[in-house]
Every structure is written in structure tokens, then in C-alpha cells.
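Numbering (this note's numbering), first residue to last: 7 to 446.
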Amino acid sequence: MSHIDLAPIRCARGTVRLPGSKSISNRILLLAALARGNTLIRDLLDSDDTQHMVQALRTLGVVCESVGAQALRVAGTGGSFPVKQADLFLGNAGTALRPLTAVLAFAGGSYGLSGVARMHERPIGDLVDALRAIGADIAYRGKPGYPPLAIGRGAITLSAPVSVRGNVSSQFVTALLLALPLARTAAALLVEGELISKPYVEITLATMSRFGVLVEREGWSRFTVPRGDGYSSPGEIYVEGDASAASYFLAAGAISGLKGGGPVRVEGVGRASIQGDVRFCEILERMGARIVMGENWIEAGADAEAARCGRLRPIDADFNHIPDAAMTAAVAAVFADGPSALRNIGSWRVKETDRIAAMATELRKLGAAVEEGADYLRISPPRSSRLKPGVAIDTYDDHRIAMSFSLAAVGGVPVRINDPECVAKTFPDYFQVLAGISQR
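Printed below as a string of C-alpha cells:
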């Protein structure tokens, strides 16, 4: 197995230009393909997940032309893909497979959707049920409720509201919202139960508005898509920096500040961000970070109290709406002076791996005591206040585990990260960028 050995980082300090947001990149790619007109996408994330989306769109007959670094020109199809029969492989990209499931149900063709083994373990039944209820022709090619899928020529009818559960994945709501304008008729979407990860749906609504579709919502339980002509290109659009990726560097600035290091500044997100994960800054402040924020940048170090005592403060917080950044908080918690609790993270169970089980296992390797519940973790730092040096962290083919546990090195101990290439899912050069702000 490949690995990377991270030496202790004496000081983390500097500026990082963030890669484009995965969530925003794949939404923009899909809507650019469905829109009328051509779209020039700038600051597009180049990663495994976005490459899977681009390849899928090209297979569907969409012309996608690279026009320089991190820029792509997409020729819109006006809502109808030229290719009506195709098999699409989407890796472990939920932000590609789930929206494409809904969009292709409206496409009037015959399509197969599949991914890696883990993608076939991630539930999609609630989305399929919602689509079947309005006339979609979707069959499971394997275990019911999970990919791979076969999508046929259904007869979509929107005379009644579409209904979907909201407590498993917000991507189901996103997928339906992105697809409904293709019907060119007014449509209502009802969300049953509590909608998790609401900020990701906010990203969806904001992106749709950039392509000319303004969705009305009543709370988080009813969304109304107006009758219209589908999507229209904005001409040129920029992808925001990835706020989830920002969390690792902001935490690094706070942790390094405990021993005289920091600050670390990230560029590409700030006060103007449409991403919910910028709220991680509030969590980090409660833990002892000093946060300064501009329109398009954020800087983090340690506040005076944390720097004086050399430890972060423990946290007890609900992470329902920022589940990705919660992984960063879990590792930051081992640098606190007491036990922390991460609550309402049940969605971790159906991510790239079972993140609750995986994080508990790997945090224990560092010397933390971890209580694992169905939807929570309680983390107590090592009694010696020093992490176990030289441990090997298994990453479970999960990019966020690899990046989160690199913070152990920022805390001053050597750490081995197994299978570091998994960061290619969202941040291929993460370890090089981390090295660029590290003094050893």
C-alpha cells in the first residue's frame, strides 16, 4: 500500500489559494450542459469527481472544451442530450451519479449508471422512489435501493407534487430540483421529515438562479419550480473555492497558533460565500481560533486564551448542516483540554465510507478515547495531552480522512497517511499545498 510520511510541522503559516468547490463545480457542469447557449466555467475543480462528470457529459454528446488552466467551455444542449443510449461510470462521485439519475429520468433515452463498489453501497432508493412516483422508468441492476441503475424512457407527469425524504441525503433533493425545470412546467417538491445538510441545497438554489431558474421555497419542506423555458447560460461563471477544503488549513492555523505559529489565510471563500461550510469558522472560534474574514478570504490563528494555555477548547455542537467540515473538527478535538461531542452526524454512515466508525478507529490510534454512537462521536484527548507519534492512519479510500488526519503533523507528531492518493477525489495536490505553508 502506498503511503506518505508527514514529519512534525513546527509552524504552519502562509496563504493558500483554494481549489474550486466540488459541490459547485459539478452543479455548474451539469446545468451548463443543460442550458441554452455556451458557458465558460472558470476556476473549475480538476479532480476525480469532476472528471467523472465531464466524461459522462461528453459521453452524452455534450461538447466540453478546455480553454486554459481550470477553465472549460461547455456547449449547452438546451435541455436534451444528443446521445439517447449510453452507459456511464461515475466512480464514487455522489454529486454526479445522483443528479444524473434524476436528469436522465427526464431525458427520454436508455442509460446505465454505475460506480465503484462503495458507490454501490450508498443508498439511492428514496430518490428512485420519488422519480418512479412521477412516471420515471428506473430499474436496479443489483441490490434494490442502491446503484447500479438502468434508466429507460419514462412518462413524467407533474400534476401532483413530487415527494422525497430529506433525512438520508440532501443530494436527493438537489437531484430533483436540478431536473424539474426540464419539464418546462410548474412543479412542486415536498420534503418529508427533517432536511439534513440544508446548506448544500442552498448551493443548488443559488446555482440554479445563475442559470435563470428561480425556485421559491416555503421553509425547507416545499419548493416550487416555476413554469419556464429551462436553463439559460450566464455566459461566464466562476467556481468558488472549496470551503470544506478551507477547513483543514484554517484548523492548521489555529493548532499551529497554540505553539506560536500561524496564521494561515485561505483565498477563494469568505463572507460572500454561498457554501455552508464557511460556518466551520464559528466552530473553530468557539474552540479557540482567532478568525478574520474578508469578502473572499479567511485567516485563522489561535486566540489569546488558547495561545496562553497551549490547548484548544472542547466543543459540543450539532454538525447536521456541515457534515464534511465536522471531520476536521473531530481531529481538532484531540488538541482540546477536555472532551468534545459531535452530534447529528448520522449522514457520515453513508458517505465515502462509514465515517463514524472509521474516524473512531483512527482517532484512537492517536491516543484519544472515543465513544461512538449511531449519530455522534464523543472524543476525549489523550491523557498525556500529546498524540501518539508515528501511527499509520488508514484512509478507507476517503479523501477527507486523509486530509483531516494530516493535522496530527501540525500538532507536532510524525504521522503516516496510507493511500494518500485518495485525496484526488477533491484536492489532488493537497499534500504539496500543505507542505507549502509548513515549516519543519
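We put the CB at the ideal spot given by N, CA and C, even for glycine.
Fair warning: this is a prediction, and the values are worked out from it, not measured in the lab.
Residue i versus residue j: straight-line alpha-carbon distance, rounded
{"i": "residue 45", "j": "residue 332", "result": "34 Å"}
{"i": "residue 199", "j": "residue 104", "result": "20 Å"}
{"i": "residue 419", "j": "residue 409", "result": "15 Å"}
{"i": "residue 276", "j": "residue 98", "result": "29 Å"}
{"i": "residue 82", "j": "residue 391", "result": "56 Å"}
{"i": "residue 120", "j": "residue 149", "result": "12 Å"}
{"i": "residue 169", "j": "residue 224", "result": "14 Å"}
{"i": "residue 376", "j": "residue 366", "result": "6 Å"}
{"i": "residue 86", "j": "residue 151", "result": "27 Å"}
{"i": "residue 357", "j": "residue 403", "result": "11 Å"}
{"i": "residue 400", "j": "residue 84", "result": "45 Å"}
{"i": "residue 424", "j": "residue 441", "result": "17 Å"}
{"i": "residue 315", "j": "residue 264", "result": "8 Å"}
{"i": "residue 72", "j": "residue 79", "result": "6 Å"}
{"i": "residue 302", "j": "residue 330", "result": "21 Å"}
{"i": "residue 270", "j": "residue 167", "result": "47 Å"}
{"i": "residue 93", "j": "residue 239", "result": "27 Å"}
{"i": "residue 67", "j": "residue 286", "result": "39 Å"}
{"i": "residue 112", "j": "residue 89", "result": "13 Å"}
{"i": "residue 360", "j": "residue 184", "result": "27 Å"}
{"i": "residue 317", "j": "residue 15", "result": "17 Å"}
{"i": "residue 161", "j": "residue 364", "result": "42 Å"}
{"i": "residue 106", "j": "residue 428", "result": "23 Å"}
{"i": "residue 2", "j": "residue 213", "result": "No answer is possible for residue 2: it lies beyond the span of the chain, which begins at 7 and ends at 446."}
{"i": "residue 108", "j": "residue 279", "result": "27 Å"}
{"i": "residue 135", "j": "residue 355", "result": "21 Å"}
{"i": "residue 179", "j": "residue 195", "result": "8 Å"}
{"i": "residue 398", "j": "residue 370", "result": "11 Å"}
{"i": "residue 209", "j": "residue 29", "result": "8 Å"}
{"i": "residue 56", "j": "residue 24", "result": "16 Å"}
{"i": "residue 380", "j": "residue 352", "result": "6 Å"}
{"i": "residue 100", "j": "residue 65", "result": "18 Å"}
{"i": "residue 116", "j": "residue 159", "result": "6 Å"}
Per-residue DSSP class, three states only, for residue i
{"i": "residue 71", "result": "strand"}
{"i": "residue 9", "result": "strand"}
{"i": "residue 291", "result": "helix"}
{"i": "residue 54", "result": "helix"}
{"i": "residue 359", "result": "coil"}
{"i": "residue 135", "result": "helix"}
{"i": "residue 89", "result": "coil"}
{"i": "residue 100", "result": "helix"}
{"i": "residue 372", "result": "coil"}
{"i": "residue 20", "result": "strand"}
{"i": "residue 390", "result": "coil"}
{"i": "residue 112", "result": "coil"}
{"i": "residue 76", "result": "coil"}
{"i": "residue 34", "result": "helix"}
{"i": "residue 117", "result": "strand"}
{"i": "residue 83", "result": "coil"}
{"i": "residue 27", "result": "coil"}
{"i": "residue 142", "result": "coil"}
{"i": "residue 264", "result": "coil"}
{"i": "residue 450", "result": "An answer regarding residue 450 cannot be provided, because it is not within the stretch 7 to 446 covered by the chain."}
{"i": "residue 257", "result": "helix"}
{"i": "residue 364", "result": "helix"}
{"i": "residue 156", "result": "strand"}
{"i": "residue 64", "result": "helix"}
Cβ shell of residue i (< 6 Å), same chain only, five flanking positions each side left out
{"i": "residue 48", "result": "77 and 244"}
{"i": "residue 20", "result": "443"}
{"i": "residue 26", "result": "49, 50, 51 and 245"}
{"i": "residue 205", "result": "282 and 327"}
{"i": "residue 31", "result": "50, 51, 56 and 245"}
{"i": "residue 156", "result": "118, 145 and 147"}
{"i": "residue 295", "result": "260 and 306"}
{"i": "residue 193", "result": "164, 186 and 231"}
Own chain partners of residue i with C-beta closer than 8 Å, once the 5 adjacent residues on each side are dropped
{"i": "residue 292", "result": "319, 321 and 323"}
{"i": "residue 126", "result": "120, 148, 149, 152, 153 and 154"}
Spatial neighbours of residue i in its chain, beta-carbon cut-off 7 Å, leaving aside the 5 residues before and after
{"i": "residue 290", "result": "256, 257, 260, 297 and 306"}
{"i": "residue 374", "result": "340, 385, 386, 387 and 388"}
{"i": "residue 393", "result": "340, 372, 373, 414, 417 and 419"}
(message) Please give the ranges of any alpha helix (DSSP H) in the segment 201-251, keeping only runs that are unbroken, at least 4 residues long and fully inside the region.
(response) Along the segment 201-251, the alpha helix (DSSP H) occurs as fully enclosed runs of 4 or more residues at 204-216, listed in sequence order.
(request) Please go through the segment 398-432 and give each complete beta strand (DSSP E) segment of 3 or more residues, from N-terminal end onward. (result) 421-424
(message) Just to confirm the assignment: which complete alpha helix (DSSP H) runs, minimum length 4, are found wholly within the segment 270-348?
(response) Entirely contained in the segment 270-348, the alpha helix (DSSP H) runs reaching 4 residues are, in chain order, 286-293, 310-315 and 329-338.
(request) Jot down the residue ranges of each uninterrupted beta strand (DSSP E) in the segment 159-202, minimum 3 residues, whole runs only, in chain order. (result) 168-171 and 193-198
(message) Does the structure place the segment 337-353 close enough to the segment 381-395 that three or more beta carbon pairs sit under 8 Å?
(response) By the Cβ criterion, the segment 381-395 is in contact with the segment 337-353, since at least three pairs of Cβ atoms, one from each stretch, lie closer than 8 Å.
(request) Report yes or no: do three or more beta-carbon pairs, one from the segment 127-136 and one from the segment 55-62, lie closer than 8 Å? (result) no
(request) Kindly confirm or deny that the segment 309-316 and the segment 225-237 touch, where touching means at least three C-beta pairs closer than 8 Å. (result) No, because fewer than three Cβ pairs between the segment 309-316 and the segment 225-237 fall closer than 8 Å, the two stretches do not touch.
(message) Does the structure place the segment 177-194 close enough to the segment 26-40 that three or more beta carbon pairs sit under 8 Å?
(response) yes
(request) Could you tell me whether the segment 246-253 touches the segment 428-437, using the rule of 3 or more Cβ pairs below 8 Å? (result) yes
(request) Could you tell me whether the segment 8-22 touches the segment 212-224, where touching means 3 or more Cβ pairs closer than 8 Å? (result) no
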